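So for the sequence shown, numbering that gives the first Met the number 0 puts the first residue at 0; every next one is plus one. Quick reminder that beta carbons are idealized off the backbone N, C-alpha and C, glycines included. Remember, it's a predicted structure, so these values are computed and weren't measured experimentally. This report refers to the structure that appears directly beneath it.
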Amino acid sequence: MFNTVLRNTSRFANKQVLATAQRSYSIELKSIVEKQIPVKQAQIAELRKNHGEEVLSQCTVNMAYSGMRGIKGLITETSLLDAEEGIRFRGLTIPECQQQLPGAEEGGEPLPESMLWLLITGEVPTRDQVRGLTEDLHRRAESISPDVIKIIKNLPNDIHPMTQFSIGILALQKDSKFAQAYQDGVHKKEYWKTTYEDTLDCIARIPIVASLIYRKNFKDGNQIQADKSLDWAANFAHMMGYNKKEVYELFRLYLSIHTDHEGGNVSAHATHLVGSALSDPYLSLSAGMNGLAGPLHGLANQEVLRWLKEIQGKLGDKEVNKENLTTVIWDTLNAGRVVPGYGHAVLRKTDPRYTCQREFALKHMPNDPLFKLVSTLYEIVPGILTEQGKTKNPFPNVDAHSGCLLRHYGLVEEDFYTVMFGVSRGLGVLSSLLWDRALGQPIERPKSMTTEALVKQFAAKKN
């Protein structure tokens with residue numbers, strides 16, 4: 000009897016020690032940020048002192064009329080996109096992230112919590128630090144308001160899932176610590192602290208919002224409760240109703256590589272722009288998600304999958320080979336359509352986010368018919384687009400592959416794909432927003448021109 004009590008007491012003590020350690024790692028993340036802020040502020044002050052009046056970028060009339068492409072006018076600390084090698088998260092390429100960031104198991108995909116730590120601090124976390132962050136996110140998720148669940152459950156199912164997701168994020172806003180602190184008159188030097196709390200609270204809770212939307216719209220409507228033994232990505236899959244280890248790994252990969260893509264894309268810029276008015280992280284993220292819902296941004300992966308199924312329909316019983324697909328591609332181009340999933344505003348080579356998804360498919364689902372179609376397209380489309388001569392980048396981007404992976408594991412509801420993208424993107428844009436507040440970035444207010452004003456400007460120069 001005494002030995003049994005002793006063993007139980009020992010187990011309880013060990014759990015208490017582990018819980019205390021995990022909480023300390025959560026506190027450590029905030030402490031690291033606090034120590035980094037004055038260092039980064041000093042670096043920026045020195046940079047502006049020595050180079051503040053130097054030209055960063057030229058803006059031509061064509062750039063102004065072309066979505067400001069190529070204009071260097073934003074500061075985003077979390078990632079940088081290189082035209083040749085793709086995205087670097089705090090200096091690390093995707094292959095480097097896969098090698099260095101802790102995963103759920105050795106040799107597995109990086110945990111999104113690892114990526115979050117990297118994006119916020121610029122440091123590769125230890126496995127213990129990641130476990131602590133996972134535990135912190137579970138703790139924060141527990142305090143989601145029942146009112147939020149009620150609001151989502153009462154939304155009509157004919158509202159697009161992305162609209163519901165944005166509404167769900169706005170429903171979370173009533174618990175914003177930043178909004179309350181601002182109302183209470185907090186000093187601007189302290190803005191970052193409640194932004195940090197809102198950032199982690201929001202990241203912890205949006206998988207609950209998203210999974211409930213999925214269950215309500217596409218399944219039996221019953222909410223699946225969180226499993227605290229799982230990491231953030233696996234738990235999201237679990238709450239959606241998926242419990243295979245391969246699905247967990249896919250979610251870890253998907254939710255890691257979609258987190259950030261520097262600051263000029265619509266979702267990142269919208270979040271930054273709205274946040275620059277000192278709107279809290281919930282309001283800012285909702286704005287970013289409304290941008291992500293656009294057909295030219297986050298809906299692209301849906302369009303790719305629909306196009307792939309269209310190709311399958313056209314081929315019918317014909318073999319999926321280069322010859323037959325070449326005919327289909329040229330028919331698509333000659334009809335004045337684009338090839339979905341190919342080309343990128345910045346990249347000039349194959350998107351490394353495409354490459355790592357391809358590697359996942361080769362490892363886990365090499366015989367999947369849709370993957371074979373995607374793979375064959377990869378072999379022929381760049382050459383066809385180069386021959387056509389209308390694109391600077393004929394190579395596949397991230398959207399060319401993601402739908403194929405999700406569909407293989409049973410996630411066939413295409414209208415939900417962008418919500419998954421949004422859950423991931425929240426990690427990156429909120430990490431950036433945290434640093435916006437830490438560095439005291441001002442409200443964004445560029446100068447705009449009218450066409451009439453430009454005509455007069457150049458007429459005056461001519462005269």
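Exposed unless 16 or more other CB atoms sit within 10 angstroms - verdict on residue i
| i | result |
| --- | --- |
| Ala442 | With the sequence shown as reference, residue 442 is identified as Ile, and Ala is not the correct amino acid for it. Per the 10 Å Cβ criterion, exposed. |
| Val397 | buried |
| Gln356 | buried |
| Cys96 | buried |
| Ala452 | exposed |
| Arg89 | buried |
| Glu134 | buried |
| Ser228 | exposed |
| Lys173 | exposed |
| Met238 | buried |
| Arg251 | buried |
| Phe1 | Summary for Phe1: the model assigns pLDDT 48, below 50, so the residue's position carries little reliability, and this model does not support an answer. |
| Leu55 | exposed |
| Ser65 | exposed |
| Glu108 | buried |
| Val454 | exposed |
| Ala186 | Per the sequence shown, the amino acid found at residue 186 is His instead of Ala. So His186 ends up on the exposed side. |
| Trp231 | buried |
| Gly342 | buried |
| Trp329 | exposed |
| Val380 | buried |
| Glu126 | The sequence given here places Arg at residue 126; Glu does not occur at that position. So Arg126 ends up on the exposed side. |
| Phe457 | exposed |
| Arg68 | exposed |
Within 9 angstroms, strictly: CB atoms of residue i and residue j
| i | j | result |
| --- | --- | --- |
| Gly85 | Ile93 | yes |
| Ile202 | Leu346 | no |
| Leu46 | Ser78 | no |
| Leu254 | Val129 | no |
| Phe370 | Pro280 | no |
| Val337 | Ile310 | no |
| Ala267 | Thr75 | yes |
| Asn323 | Leu314 | yes |
| Lys348 | Asn392 | yes |
| Leu404 | Ala344 | no |
| Leu478 | Gly402 | Residue 478 is absent from the structure shown; the chain starts at 0 and stops at 462. |
| Leu277 | Tyr195 | no |
| Lys317 | Glu378 | no |
| Arg139 | Leu199 | yes |
Selection from the options that minimises the alpha carbon distance to residue i
| i | options | result |
| --- | --- | --- |
| Leu433 | His363, Ile328 and Gly274 | Gly274 |
| Val265 | Lys244, Gly287 and Arg406 | Gly287 |
| Ile151 | Gly184, Ser142, Ala236 and Ile212 | Ile212 |
| Ser175 | Ile143, Leu154, Arg424 and Asp219 | Ile143 |
| Leu136 | Gln40, Tyr377, Thr417 and Glu112 | Glu112 |
| Gly335 | Lys389, Leu372 and Lys446 | Lys389 |
| Val38 | Gln456, Asp157, Leu438 and Lys446 | Leu438 |
| Glu412 | Tyr341, Leu304 and Met62 | Leu304 |
| Thr417 | Asn300, Ile223 and Leu249 | Asn300 |
| Pro155 | Leu405, Glu122 and Gly220 | Gly220 |
| Gly293 | Ile70, Glu141 and His159 | His159 |
| Glu141 | His50, Met161 and Leu171 | Leu171 |
| Ile166 | Tyr341, Leu307, Thr349 and Val147 | Val147 |
| His296 | Phe420, Arg139, Gln98 and Pro124 | Phe420 |
| Thr162 | Pro395, Leu277 and Leu298 | Leu298 |
| Leu272 | Asp230, Gly72 and Val54 | Gly72 |
| Leu91 | Val60, Ala233 and Ile256 | Ile256 |
| Phe394 | Cys403, Leu404, Val373 and Gly409 | Val373 |
| Phe164 | Ile379, Lys29 and Arg204 | Arg204 |
| Pro206 | Asn216, Lys218 and Ala225 | Ala225 |
| Leu115 | Gly427, Pro339, Lys317 and Asn49 | Gly427 |
| Leu284 | Asp435, Ala269 and Gly69 | Ala269 |
| Glu302 | Asn289, Thr325, Glu378 and Pro339 | Pro339 |
| Thr450 | Arg444, Ile26, Asn61 and Glu378 | Asn61 |
| Ser210 | Gln40, Phe415 and Leu199 | Phe415 |
Contact test: residue i Cβ vs the ligand ATP heavy atom, cutoff 8 angstroms
| i | result |
| --- | --- |
| Glu413 | Within the structure as shown, the ligand ATP is missing, as the structure has no ligands at all. |
Along the chain, which unbroken stretches of the alpha helix (DSSP H) at least 4 residues long are found entirely within the stretch 386-437? 398-407 and 416-437
Is the stretch 252-267 touching the stretch 64-84 in the sense that three or more CB pairs, one from each, lie closer than 8 angstroms? yes
Evaluate the contact criterion for the stretch 178-195 versus the stretch 27-37: three or more CB pairs, one atom per stretch, below 8 angstroms. yes
Counting Cβ pairs closer than 8 angstroms, one from the stretch 242-253 and one from the stretch 365-381, do we hit at least three? no
4 or more residues per run - each alpha helix (DSSP H) lying fully within the stretch 305-370: 321-333 and 351-363
Ignoring anything shorter than 3 residues or poking outside the stretch 73-111, list the beta strand (DSSP E) runs there in chain order. 78-81 and 85-88
Please list the segments of the alpha helix (DSSP H) lying wholly inside the stretch 104-172, counting only runs of 4 or more residues, in order along the chain. 111-120, 126-141, 145-152 and 160-171
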